[in-house]
Amino acid sequence: MNHNACHYCLEENDYFSIRGQYKVANGEFLCYRLCKSCSNKFIGINSYSDKEGRHIFLNTVKANAKKYPQYVEN
């Protein structure tokens, strides 16, 4: 996977609407990025009425971030 790819749809992109990181077991931070289309999809998931859909989306992003890791030193 290219370093310029969305961690949800895996398409290459030069612009990401959402960028973030989360802490993994070894104390490092794993980065993730979402393109505009996937960011809109994520924002559109109602966290109250569709908890399962939001959970599936986030798990997909985390799984793809783990498959193609980019770490940030803490």
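Counting from 1 along the sequence shown, just add 1029 to a position and that's the residue number in this note's numbering.
Ideal Cβ positions, reconstructed from N, Cα and C, are used throughout, including at glycine.
Quantities reported herein were computed from a predicted structural model and do not represent experimental measurements.
Can you confirm whether the segment 1067 to 1084 touches the segment 1033 to 1051 when touching is taken to mean that 3 or more C-beta pairs between the two stretches lie within less than 8 Å?
yes
Count the other CB atoms, across all protein chains shown, that sit within 10 Å of the CB of ALA1094; report buried if there are 16 or more and exposed otherwise.
For this step, residue 1094 is matched to residue 65 along the sequence shown. Under this definition ALA1094 is a buried residue.
Around the Cβ of TYR1051, are there at least 16 other Cβ atoms within 10 angstroms (buried) or fewer (exposed)?
Stepping through the sequence shown from its first residue, residue 1051 is reached at position 22. With fewer than 16 other Cβ atoms within 10 Å, it is exposed.
Exposure label - TYR1061; buried when at least 16 CB within 10 Å
Residue 1061 sits at position 32 when you count from the first residue of the sequence shown. Looking at its Cβ environment, which holds 16 or more other Cβ atoms inside 10 Å, TYR1061 is buried.
Hey, quick one: how far does the beta strand (DSSP E) through CYS1060 stretch, first residue to last?
Here residue 1060 refers to the residue found at position 31 when the sequence shown is read from its first residue. Looking at the DSSP string, the run of the beta strand (DSSP E) that includes CYS1060 is 1058 to 1063.
Going by the beta-carbon positions, is the gap between PHE1058 and VAL1101 smaller than 8 Å?
As a first step, residue 1058 must be located in the sequence shown, where it is residue number 29. As a first step, residue 1101 must be located in the sequence shown, where it is residue number 72. In contact: PHE1058 and VAL1101 (Cβ atoms closer than 8 Å).
I'd like the span of the alpha helix (DSSP H) that includes ILE1085, first residue to last.
Against the sequence shown, residue 1085 aligns to sequence position 56. ILE1085 -> alpha helix (DSSP H) spans 1080 to 1096.
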